[in-house]
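Visitor: Sequence lines, in order, name chains A and B.
All residue numbers for the first sequence refer to our numbering, where the first residue is 5 and numbers rise by one.
All residue numbers for the second sequence refer to our numbering, where the first residue is 2 and numbers rise by one.
We treat Cβ as the ideally placed atom computed from N, Cα and C, and that holds for glycine.
Because the structure is a prediction, the values reported are computed rather than measured.
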Amino acid sequence: MLNMARADMYRLFHSKGFYITQILMIIVATISILTSTIGIIGGGSDALSNFQAANQRVVWTGVQCVKAMSSETSALIYFILPLFIMTIGFEFSRQVYKNPLSSGMTRLNYFISKYVIFLLISACQVIFYYLFIFLAGGFKNGFGKITGHFLVKLLQTSSIQLLELSAIFAISTLVMYLFFSTITAVVTTILFPLIITVLVQIFTKQHWLKYFSFQNNVDSAYFAHYTSGQMSQLLLAGFGTIIVCLVLAFLSFRKRDL
Amino acid sequence: MMAAILQMENINKSFGKQHALNQVNLTIQPGEIYGLIGRNGAGKTTILKTIVQLLYADQGTITLFGATYGKDYTKQLKRTGSVIETPVANDQLTAQQNLTYYCKIKGIVDKDAIDDALKFVGLTDTGKKKFKDFSLGMKQKLGLAIALLNKPDFLILDEPINGLDPIAIADFRNLLVKLNQTQGMTILISSHILEELYQMATRFGIIDHGTIIKELTKEEFDAKSREYIKLQVDQPKLAATVLNKMGIEDFKVIDQHTLNIYDLSLDNAALVEMLVAASVSVTTIVREHINLENYFKTIVAENEVTTPNA
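Now the structure itself:
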């Protein structure tokens, strides 16, 4: 797995697409910071709108940038998506998987390696995002007061966000392995969260649905107050989705004719 | 006798209702260059993919370097190198970068491995040209270089000379022969460019409708492909009697008009004279020899006759 990780990082750092993605993310984040404005992709809840409105009335220090912009972290879906394509998608669309699989790598090893590498890359992207907005906000308006509570809250928020983003991409991974189609996986990644958001707004009495509204959960991770029961359900929905999707993806891949 | 590199026993593989492989038996000994011959769709690629586990056989046993099942088999695949169907690599990387990528995957730390592989296949001067901009010949060469990175004991190549120009074909053939002769590498190569295959293979397997219908060594083929006199007449039975009277026994009646005479000491003019005297009308008398392509066509045609529903 370590060999595959080293190889994939090498490939990523030699891809123009990687640098273009990072530059676009920096541009979007910079525009938000310079204009002190944040938005919601694909709807969102009233609580999210209120949180964003409240944040637009204060000075965006580094700390404040992190708090405010945590509510548009779902934009990372679009900045992780190219990395998903470069790490997993190209393997299938260009049949590059043939080389390692035909020279002694087991399908399980290949599958786990690819997913773990993608997960690490996603985590790095989340860290890079927060680090950039903290520094950019800090250089613009000062860094603000970094308290222990803020750091704990940031760690909790980013962990939940990574879980929810991973759940979205676990569904993309399943689609990728089922259909071997990058386009289908990309469309699913974009449409699935939006569809769930719409369903949550239509079926307001189906409370369980909101735990699968991964995009909304990403954006509200900082300010949402969960009871321990709600947190358990949130984690169960996230981890459950990931495990179910990955198991199904592997089962379809394990004996598939390639 | 040394243990076989590869042994396939009674392999069956279907795709839905279509039987792609039917009771395939194939053995490859160390040091051989095994040429797998067959028409498009005969099952060549399916056999190769089954060996490298891109496909799994429905029935039968495959033994590779003595390992038959599970992890042991997969482990032995590390001793192979393969290019199946079209060569694949990362589009956005150069030849050198692609080899670096695969060195990392295969855990190869030898710093010279990349330069050696590039030099061996003649891709040292591609510079910053990316794989997506390579010609088919360059892609084939890079595919071979990737397959050779870990210095495999067994090389598996699927139609490697398809789409190459004549010079590139000759280069490729020389590369493979060099690998076989200098490194003792065993090679399994499928192709339907039979004259090329003839020049490098030491043994041939003919596959038709998913079944190996004939296996023979190059020596055996050469014995079959000896020169002969092709005689076409209106009455072959009468012609055969004339030949017997002339003391010639090494001949074969092929069809209603054709006889192949393998005794090359025969005086053609005297034969024609004898035949005409016996009221046999001669339409053709010419020296010929069976090449691999003709032999392949004959074997496949015979197979069609004996198994018409195949």
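Cα-Cα, which of B:Q184, B:K142, B:A118, B:K238 is closest to A169 of chain B?
Guide: B:K142
Visitor: In whole angstroms, what separates the C-alpha of L135 of chain A from that of M73 of chain A?
Guide: 12 Å
Visitor: Out of A:Y23, A:S170, A:N220, A:D12, state which residue places its alpha-carbon closest to the alpha-carbon of K105 of chain B.
Guide: The shortest C-alpha separation from K105 of chain B is found at A:D12.
Visitor: Between the Cα of I199 of chain A and the Cα atoms of A:N220, A:A253, A:K209, A:F184, which residue gives the shortest distance?
Guide: A:N220
Visitor: So with Cβ pairs under 8 Å, would you call S107 of chain A a contact of chain B?
Guide: yes
Visitor: With respect to the alpha helix (DSSP H) encompassing R111 of chain A, which residues constitute its N-terminal and C-terminal limits?
Guide: 111-145
Visitor: Measure the alpha-carbon distance for F17 of chain A versus V190 of chain A and round it to whole angstroms.
Guide: 22 Å
Visitor: Within 8 Å of any Cβ in chain B, is that where the Cβ of P104 of chain A sits?
Guide: yes
Visitor: Looking at I34 of chain B and I6 of chain B, is the spacing between their C-beta atoms short of 8 Å?
Guide: Taking 8 Å as the cut-off, the beta carbon of I6 of chain B is found no closer than this to the beta carbon of I34 of chain B.
Visitor: If the criterion is Cβ atoms closer than 8 Å, does the pair K231 of chain B and V287 of chain B meet it?
Guide: yes
Visitor: Apart from the five residues on each side of it in sequence, which residues of its chain come closer than 6 Å, Cβ to Cβ, to A311 of chain B?
Guide: Because A311 of chain B carries a pLDDT of 49, less than 50, the predicted location of this residue cannot be relied on, and the following value inherits that uncertainty. Within the same chain, A311 of chain B has close Cβ partners H210.
Visitor: From which residue to which residue does the alpha helix (DSSP H) around Q56 of chain A run?
Guide: 50-59
Visitor: Tell me which residues share the same chain as S170 of chain A and place their Cβ nearer than 7 Å to its Cβ, disregarding the 5 neighbours each side in the sequence.
Guide: L123, S126, I246
Visitor: What residue range does the alpha helix (DSSP H) around F16 of chain B cover?
Guide: Looking at the DSSP string, F16 of chain B is not in any alpha helix (DSSP H); the run it does join, the beta strand (DSSP E), is 7-16.
Visitor: Between T62 of chain B and M5 of chain A, what straight-line distance do the alpha-carbon atoms span, to the nearest angstrom?
Guide: Computed Cα separation, rounded: 29 Å.
Visitor: Measuring only between beta-carbons, confirm whether R61 of chain A sits less than 8 Å from chain B.
Guide: No, because no Cβ of chain B sits closer than 8 Å to the Cβ of R61 of chain A.
Visitor: Report back the beta-carbon spacing between L65 of chain B and K14 of chain B to the nearest angstrom; my notes put them in contact at under 8 Å.
Guide: Between L65 of chain B and K14 of chain B the beta-carbon gap is near 17 Å, outside 8 Å, which marks them as no contact.
Visitor: Using 8 Å as the limit for Cβ to Cβ distance, is L55 of chain B near chain A?
Guide: yes
Visitor: Starting from N260 of chain B, follow its DSSP beta bridges and name the residues at the other end.
Guide: Checking the sequence, you will find Leu at residue 260 of chain B rather than Asn. B:L232, B:V254, per the DSSP bridge assignment.
Visitor: Between the C-alpha atoms of L156 of chain B and E220 of chain B, what's the straight-line distance to the nearest angstrom?
Guide: Distance between the alpha carbons of L156 of chain B and E220 of chain B is about 23 Å.
Visitor: Under 7 Å Cβ to Cβ from T25 of chain A, same chain only, skipping five residues before and after it: list those, please.
Guide: F83, P86, L87
Visitor: With a 10 Å radius around its C-beta and 16 neighbouring C-beta atoms as the bar for buried, classify S106 of chain A as buried or exposed.
Guide: buried
Visitor: So which residues on chain B does V100 of chain A lean against when the C-beta distance must stay under 8 Å?
Guide: V89, A90, N91
Visitor: Do the region 112-126 of chain B and the region 36-54 of chain B touch if we need at least three Cβ pairs shorter than 8 Å?
Guide: no
Visitor: With the cut-off set at 8 Å, would you say S192 of chain B and N292 of chain B are in Cβ contact?
Guide: no
Visitor: Kindly indicate which three-state DSSP category R204 of chain B falls into: helix, strand or coil?
Guide: strand
Visitor: Only counting the same chain, and skipping five residues up and downstream in sequence, which positions put a Cβ closer than 6 Å to that of I164 of chain A?
Guide: Only residues of its own chain outside the window of five on either side were considered, and among them A225 have a CB closer than 6 Å to the CB of I164 of chain A, listed in chain order.
Visitor: Just to make sure I have the definition right: I need the residues of chain A whose C-beta is within less than 8 Å of the C-beta of K76 of chain B. Which are they?
Guide: G108
Visitor: Mind checking if K209 of chain A is an interface residue toward chain B, Cβ cutoff 8 Å exclusive?
Guide: Put simply, the CB of K209 of chain A is far from chain B, with every gap to its CB atoms at 8 Å or more.
Visitor: What distance in whole Å lies between the Cβ atoms of M275 of chain B and R243 of chain B, which are believed to be in contact at a cut-off of 8 Å?
Guide: According to the sequence as given, residue 243 of chain B is Val; it is not Arg. That belief holds up - the Cβ atoms of V243 of chain B and M275 of chain B are roughly 5 Å apart, short of 8 Å.
Visitor: Could you give the C-beta distance for T77 of chain A and V222 of chain A, rounded to a whole number, given that I count them as a contact under 8 Å?
Guide: 5 Å
Visitor: Just the chain A side, please: which residues come within less than 8 Å of L94 of chain B by C-beta, in chain order?
Guide: Simply R15, H18.
Visitor: Using a Cβ-Cβ distance under 8 Å, would K79 of chain B count as near chain A?
Guide: yes
Visitor: Mind checking whether L145 of chain B and V84 of chain B have CB atoms under 8 Å apart?
Guide: yes
Visitor: By DSSP, does L165 of chain B sit in helix, in strand, or in coil?
Guide: coil
Visitor: Any idea which residues DSSP pairs Y35 of chain B with across the strands?
Guide: B:L189, B:R204
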